[in-house]
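Heads up, the sequence shown is in numbering that gives the first Met the number 0, so the first residue is 0 and it goes up one at a time.
A virtual CB, placed ideally from N, CA and C, is assigned to each residue, including glycine.
Notes to accompany the following structure.
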Amino acid sequence: MCSCKAEKTEPVTETQTADSAFQTVTLNAAAKPDIDLTALSSTMVYSEVYNLCVKPDDYVGKTVRMRGTFQTDENEIYYFCLIQDATACCQQGLEFILAGAEYPGGYPAPGTEITVQGRFETYYEGEQKYPHLVDAFLC
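Structure below.
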């Protein structure tokens, strides 16, 4: 487990990237996530994302930062950060919703490497429970 007690966070500053319309943020040092998957080895990241999906109630309300490849579903309704395992044969992803952004202009192009941070929550579609990051931003 890589979670720790949440720290007081300061506001983040938005910046515009030079070659795209989507926004990234400059992280204040105090905006540390509860779970920083970017600091783990590829094997540990893959394992922790598995845990997020299998035991989502253990993570609800925590902030999570992760690095991977941006992808959307074929209907462009859901947006994901996909992470490869250590051998690059398998991948897992976590859905996220950028705060105040609309697709496509507010999101990166599919296949773009991203780092995203947001609050971990769950939601239901019918009887099925799904995890995702809300109020997310690109780092």
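Outcome for A30 when other beta-carbon atoms lying within 10 angstroms are tallied against a minimum of 16
buried
State the start and end residues of the unbroken alpha helix (DSSP H) segment that holds L81.
Note, L81: premise wrong, no alpha helix (DSSP H); beta strand (DSSP E) at 78-83.
Identified DSSP bridge partners for L36
Per DSSP, none; premise fails for L36.
Just curious, the beta strand (DSSP E) that T71 is in, first and last residue?
62-71
Considering just the uninterrupted stretch of the alpha helix (DSSP H) at T42, what are its terminal residues?
41-53
Going by C-alpha distance, which of E73, I82, K54, Y58 is nearest L39?
I82
Can you give the Cα-Cα distance for S41 and K128, rounded to whole angstroms?
26 angstroms
Shorter than 7 angstroms, the distance from the beta carbon of C138 to the closest heavy atom of the ligand SAH, or not?
Questions concerning the ligand SAH fall outside what the structure shown contains, since it holds no ligand whatsoever.
Is M43 buried or exposed, if buried means 16 or more other CB atoms sit within 10 Å of its CB?
exposed
Per the DSSP calculation, E94 is bridged to which residue(s)?
F79, H131
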